[in-house]
Amino acid sequence: MLRKAERRIKYFIIRLLRIKDKTHKIALGFTLGLLINFVPTFGFGPLVSVVFARLFGGNAVAGLLGGISLIWIFPLLMYLNFAVGYVLLPIEVEELVEDIEGAEDVLEAGVELGRAFFVGMAVNMLVTGIILYAALYIALTHFRRAMLRYIRRVWLAKDKQRSR
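Here it is, written out as structure tokens:
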């Protein structure tokens, strides 16, 4: 199972490095596709990531690769959204729960939690987007050929040895 996951990751990296497009479009598409994982899309994340990447001028294939790269960590990203939102908008959850007496109080508690979630999501997307775009743009601009040579020399040689 780990070998299959390793091969899949290698395939996605090779696919990303071999995209024939401008570095800006690749980095933008991958970043926008990955950022969709911070938003609850209810299973439509890869489709939304492609549309989102194309809408803002990024590469659609890179957007798809970014969109499927963190699907497996989605619950952790949702928790991170709540955690960052809670730090920025402190909410006394115990008080909210204790004060619930009617439907209006339930709605008010939901609005408070939703506000914290959306603030956390916006901050996480902004910070992650800036860092990821810059890192990917620099890596693709300066090290793309070196990474492809390394993949050919080391990764593919290891795969050939394993298959023997």
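The sequence shown: position 107 = 88 (our numbering), numbered continuously.
For glycine and all other residues, C-beta sits at the position ideal for the given N, C-alpha and C.
Remember, predicted model here, so these are calculated numbers, not experimental data.
Ranking Val42, Leu113, Gly83 by CA distance to the CA of Lys1 puts Val42 first. Ala34 sits buried, since 16 or more C-beta atoms from the chains shown fall within 10 Å of its C-beta.
Distances from the CA of Ala64 to each of Gly83, Gly95, Ile49 were compared; the closest alpha carbon is that of Gly95.
Note that the region 99 to 109 touches the region 54 to 73; at least 3 beta-carbon pairs, one per stretch, sit closer than 8 Å. Under the DSSP assignment, Phe19 falls outside any alpha helix (DSSP H); it carries neither an H nor an E label.
At a Cβ-Cβ threshold of 9 Å, Leu58 and Leu51 count as neighbours. CA-CA distance, Gly48 to Phe37, rounds to 15 Å. Of the residues Leu70, Pro71, Ala90, Arg(-12), the one whose Cα lies closest to the Cα of Glu79 is Ala90.
Sequence-distant Cβ neighbours of Glu73 in its own chain, meaning closer than 6 Å and more than five residues away, do not exist here.
Taking the Cβ atoms as the reference, Asn18 lies roughly 6 Å from Phe55, within the contact range of under 8 Å. Per DSSP, the continuous alpha helix (DSSP H) segment holding Gly101 begins and ends at 84 to 131.
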